[in-house]
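*Asks:*
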Amino acid sequence: MAVAIMSVTSVNQDAFAKDAGMSLTAIAEEDGTIISISGETTSNITDVTLRVISPNGSNVVAVDQLTPDANGEFSTQFNVSNWTQDGMYEIKANQGTSLLYSITVSVDVNGGLTAETSATNSSMVDNYASSEAIAITSASSDEMGGLSISANAMEGSDTIEITGQTSKTNQDVTFTVTSPNGNLVSVDQVSPESDGSFAADILVGGPLWSQDGAYTVTAQQGNDSMFIDSVEVEVADGLVVPEFGTIAAMILAVAIISIVAISAKSRLSIVPRY
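Letter by letter, the sequence shown follows residues 1 to 274 of UniProt numbering.
(1) Would a C-beta distance cut-off of 9 Å place Thr114 and Gly164 closer than the cut-off?
(2) So Tyr101 and Met226 are supposed to be a Cβ contact under 8 Å. How far apart are they, rounded?
(3) Near Ser36, which residues of its chain fall below 6 Å by C-beta distance, leaving aside the five closest residues on each side in sequence?
(4) If you run the structure through DSSP and keep just helix, strand and coil, what is Ile45?
(5) Going by CA-CA distance only, name the one from Val48, Leu147, Val63 that's closest to Val187.
(6) Helix, strand or coil for Ser150 per DSSP?
(7) Within a Cβ cutoff of 7 Å, which residues of the same chain sit near Leu203, ignoring the five residues on either side of it in sequence?
(8) If you run the structure through DSSP and keep just helix, strand and coil, what is Met226?
(9) On a Cα-Cα basis, can you pick out the residue from Glu232, Val61, Thr104 that is closest to Asn152?
(10) In the DSSP assignment, find the unbroken beta strand (DSSP E) run with Tyr101 in it and report its ends.
(11) DSSP puts Glu234 in a beta bridge; with which residues?
(12) Which of the three DSSP states is assigned to Ile134 in this structure?
(13) Assuming Asp19 contacts Met124 (C-beta within less than 8 Å), just tell me the rounded distance between them.
(14) Thinking Ala219 and Val173 are a contact (beta carbons under 8 Å), I'd like their distance in whole angstroms, please.
(15) Give a yes or no on whether the C-beta atoms belonging to Gly111 and Glu90 are separated by under 9 Å.
(16) What residue does the beta strand (DSSP E) around Lys92 start on, and which one ends it?
(17) Please list the terminal residues of the continuous beta strand (DSSP E) segment that includes Gln77.
(18) So is Asp229 buried or exposed if we call it buried at 16+ other beta carbons inside 10 Å?
(19) Distance, Cα to Cα, Arg51 vs Ile257?
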């Protein structure tokens, strides 16, 4: 009986074990202008987001979003000819907030030209248990607090005003906007004030905003889930279409009833008396 129990337990644990992780490779020629990026991931749940950070660590100079193929592979290219700062640029790839799916490689760029590069980084692991996944995904931040945002826009406006608050004041906030079908349509970056507040205006319109529906605005500082927040804004015909909340709907209903009542009373008051 003891042997049987041990066997079942072993099978049950192995059932939760699997390969997991991501790999990323950057290749560039000496004095070239193109960085070729390729990678592989074991996750097919979300797209891979690529961000290129300048040598001073403060600016996002390029962003891309890739959908892995059936084998988990993805690839893209970056043109560096307009990257004005000299030094090591970090290319960060991530899916979600798990450290297993967050990879960085670096490429040296000087005068808008690349150094010869063949850099690979991998977090691939074999027989990865679910308990290990929980431990890494739940890696805690050294800072308490977090980040939150809200969106404000008038009906028919071509501007979305984003305001927010963060407890991390020494790092820029990066904004990305994705269309209803998941395409990346806009990127912005702002520095928080000393009290942690920040704001940004996002212009709506143009060919990237041609699809009607809910656009997702995401603000983040790094990959910690505490410092990532999103809001949705409805856009139709290239203009904002704000949704009525419960309170706004109640106010509207009361206003309509009041108008009807006043109109009815006014009609009665002009009826001649005999």
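Yeah, the Cβ is synthetic: ideal placement off N, Cα and C, and Gly gets one too.
*Replies:* In short, the structure shows the following:
(1) no
(2) Contact doesn't hold; Cβ gap of about 17 Å is too wide.
(3) Ile27, Gln77
(4) coil
(5) Val63
(6) strand
(7) Asp158, Thr159
(8) helix
(9) Glu232
(10) Segment: none, Tyr101 is in no beta strand (DSSP E) and carries neither H nor E.
(11) Ala214
(12) Annotation note: pLDDT 44 at Ile134 (below 50); position unreliable, coordinate value reported separately. Ile134: helix per DSSP, three-state reduction.
(13) 7 Å
(14) 5 Å
(15) no
(16) 87-94
(17) 73-79
(18) buried
(19) 53 Å
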